[in-house]
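Under this note's numbering, the first residue of the sequence shown is numbered 984, with each subsequent residue one higher. Using N, Cα and C, we set each Cβ at its ideal position, and we do this for glycine too. This report concerns only the one structure given below.
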Amino acid sequence: MNQRLQQAAESGSINDLYALIDENPCILENIDAIPLHLAVEKDQQELVTWLLRIDPSLAGVKGREGITLFHLLVLRGNVDLVVECLITSPECIKDVSVNGQNALHLAVVNERFEVLQVLTGWIQRMSQKNARSIEYSVLNKKDLTGNTPLHRAADVNFTRERKPKI
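Given below as structure tokens:
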């Protein structure tokens, strides 16, 4: 990976990124998950937003274990950037990891309830246009263990209720 691109991602410097693009207009075509995921890890929201607006397909760039940028934002509970991904790349809600988990699975299992509210609200709006597709590809999507997001939500709720109350 280009060292200067990594430095720009780590620092969140949009000016440095523009300079790199001026030098090599194709630099973002060869971008892998590392600089983008690194920008998320370093909480460079402005840079991530800017990159998503330039190339919405970046929301679906897969990293380790098939985790996309969108999944990473769900895992981190970053509601603003989850919304940005859904606006710029609505199809990202159908992406799955190597474990077959989609964003709903990840939000439930990691107890990102604010993100879960955003996702379910988005699905409600989208289902008005394409209900059957959304139902099968997102709501009823089974992970590799055969669990849908609803199954996972029941597991999380059951586990929470069984914890001793102190």
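Separation of residue j from residue i, as counted between CA atoms
i     : j     : result
H1088 : G1046 : 18 angstroms
K1025 : T1032 : 14 angstroms
S1070 : I1076 : First, the residue type needs correcting, since residue 1070 is Ile and not Ser in the sequence shown. Answer to the nearest angstrom: the Cα atoms are 11 angstroms apart.
R1115 : R1108 : 13 angstroms
G1043 : N1007 : 23 angstroms
Y1119 : A991  : 40 angstroms
D999  : R1036 : 17 angstroms
G1049 : A1002 : 30 angstroms
L988  : V1023 : 14 angstroms
E993  : A1090 : 26 angstroms
W1105 : K1124 : 16 angstroms
G1129 : A1137 : 14 angstroms
C1068 : V1121 : 16 angstroms
I1117 : N985  : 38 angstroms
T1131 : K1112 : 22 angstroms
C-beta contact flag for residue i and residue j at 8 angstroms
i     : j     : result
L1052 : L1019 : yes
Q1028 : D1063 : yes
G995  : L1030 : yes
I1010 : I1004 : yes
L1133 : N1082 : no
Residues near residue i in its chain [Cβ-Cβ closer than 7 angstroms; skip 5 each side]
i     : result
E931  : Outside the modelled stretch of the chain, which goes from 984 to 1149, sits residue 931, for which no answer is possible.
V1066 : V1101
A1086 : F1053, H1054, V1057, I1076, L1102
S1040 : S1072
L1034 : L1019, L1041
Neighbourhood of residue i by C-beta distance below 6 angstroms, restricted to the same chain and skipping five residues each side
i     : result
G1060 : R1095, V1098
V1079 : N1085
V1092 : R1135
Identity of the residues DSSP links to residue i by a beta bridge
i     : result
T1051 : K1045
Chain-order list of residues whose beta-carbon lies under 8 angstroms from that of residue i (same chain, five-residue window excluded)
i     : result
E1074 : G1043
**Report entry** Unbroken stretches of the alpha helix (DSSP H), 4 residues or longer, contained in the region 1069-1100
**Finding:** 1086-1092
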